Amino acid sequence: MKWTYTISNKFKAALALATVIILVISTNRIDHNHFERLQESFNSVYQDRLVAEKYLFELSRQFQTKTSLILNGAPSKENIDFVNDSISELLTKYEATKLTHLESKRFIELKKMFKAQLRSEANLTSTSEYTYSFTTIWGLLDELSQIQLNEARNLLDKSERIFSSNHTSSVFELSLLIIIGLILQAIVIASRPLRDILNQDKHLN
16 MKWTYTISNK FKAALALATV IILVISTNRI DHNHFERLQE SFNSVYQDRL
66 VAEKYLFELS RQFQTKTSLI LNGAPSKENI DFVNDSISEL LTKYEATKLT
116 HLESKRFIEL KKMFKAQLRS EANLTSTSEY TYSFTTIWGL LDELSQIQLN
166 EARNLLDKSE RIFSSNHTSS VFELSLLIII GLILQAIVIA SRPLRDILNQ
216 DKHLN
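The sequence shown begins at 16 in our numbering and counts up by one.
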């Protein structure tokens, strides 16, 4: 029955080693998934928040230029058309970013106000209507900018949670490896007396 005891120890050792291999592979897949999620989060912060905020800043400057042109005198059609083209281009770029539900609603309102301005310009409407539309536009741009800030903060919080989860899994992996190492050591120590006994039996024979 001694040989069955030896096989049992070898089986336990092999099982422990297999557990280590499976653990390493599983942890590697988890780490890879965490890395992809972090990369997605950072890309979203840059592409959908920082870039979008840049577009909002440029839109604000263009609307400010348009305000000065219209409210401070009789602007040339060429100057107004140039500013309107710049605004239209920026709106198109902003729309291509990832918009939240609330952000999409505010952006639609912004586009409607801009189109209303274009109609007013075509109909030579008084400057009082321009003043109202510009005030509304400033409010919408401010709301959109605040949304960028909130979403960026949410993405950073998400990144921190991913880091925390990755740290927890690393601690668990290390603890499990230590436990498995102790088990392997115990198996080796337990099997030594048996080998000594078998060697003694051989010498007696």
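Every residue, glycine too, gets a C-beta built ideally from N, C-alpha and C. None of the values given here were measured: they were computed from a predicted structure.
Three-state class that DSSP yields for residue 113 in the structure shown: Taking the sequence shown and counting its residues from 1, the one referred to as residue 113 is at position 98. If DSSP states are grouped into helix, strand and coil, residue 113 belongs with coil.
Pair within 8 Å by beta-carbon distance, residue 128 and residue 155: Position 113 of the sequence shown, counted from the start, is the residue given in the question as residue 128. Position 140 of the sequence shown, counted from the start, is the residue given in the question as residue 155. Their beta carbons are under 8 Å apart, which means residue 128 touches residue 155 by this criterion.
Where residue 161 falls, given that 16 or more other Cβ within 10 Å makes a residue buried: Within the sequence shown, residue 161 is the residue found at index 146, counting from 1. Exposed.
Sub-8 Å separation of residue 122 and residue 104 beta-carbons: As a working note, residue 122 is residue 107 in the sequence shown. As a working note, residue 104 is residue 89 in the sequence shown. No, the Cβ-Cβ distance between residue 122 and residue 104 is not below 8 Å.
Where residue 193 falls, given that 16 or more other Cβ within 10 Å makes a residue buried: As a working mapping, residue 193 is identified with position 178 in the sequence shown. So residue 193 ends up on the exposed side.
Rounded straight-line distance, which links the Cα of residue 91 to that of residue 98: Here residue 98 refers to the residue found at position 83 when the sequence shown is read from its first residue. Here residue 91 refers to the residue found at position 76 when the sequence shown is read from its first residue. The straight-line gap from Cα to Cα measures roughly 11 Å.
Cβ shell of residue 124 (< 7 Å), same chain only, five flanking positions each side left out: To locate residue 124, count along the sequence shown from 1; it is residue 109. So the list reads 155, once near-sequence residues are dropped.
Residue 70, buried or exposed, once every other Cβ within 10 Å from all chains shown has been counted against 16: Residue mapping note: residue 70 aligns to position 55 of the sequence shown, counting from 1. Counting Cβ neighbours within 10 Å, residue 70 comes out buried, since at least 16 surround it.
Beta-carbon spacing of residue 76, residue 163 below 8 Å: Indexing the sequence shown from 1 puts residue 76 at position 61. Indexing the sequence shown from 1 puts residue 163 at position 148. No; because the gap between Cβ atoms is not below 8 Å, this pair is not in contact.
Simplified DSSP assignment, three categories, for residue 88: Here residue 88 is taken as the residue at index 73 of the sequence shown, counted from 1. Coil at residue 88, not helix or strand.
Within 8 Å, strictly: CB atoms of residue 148 and residue 131: Against the sequence shown, residue 148 aligns to sequence position 133. Against the sequence shown, residue 131 aligns to sequence position 116. Going by C-beta atoms, residue 148 is nearer than 8 Å to residue 131.
Of the listed residues 95, 80 and 37, nearest to residue 257 (C-alpha basis): In the structure as shown, the chain begins at 16 and stops at 220. Residue 257 is therefore absent and cannot be evaluated.
Buried or exposed by the 16-neighbour rule on C-beta atoms within 10 Å, applied to residue 72: To locate residue 72, count along the sequence shown from 1; it is residue 57. Result: exposed.
Separation of residue 93 from residue 137, as counted between CA atoms: In the sequence shown, residue 137 corresponds to position 122, counting from 1. In the sequence shown, residue 93 corresponds to position 78, counting from 1. Using only the alpha carbons, I get a separation of about 13 Å.
Pick from 158, 126 and 150 that is closest to residue 82, judged by C-alpha positions: Position 67 of the sequence shown holds residue 82. Comparing Cα-Cα distances from residue 82 to each of 158, 126 and 150, the minimum goes to 150.
Member of 165, 67, 158 and 159 whose CA lies at the smallest distance from the CA of residue 112: Counting from 1 along the sequence shown, the entry for residue 112 is found at position 97. When only C-alpha atoms are compared, the closest one is 67.
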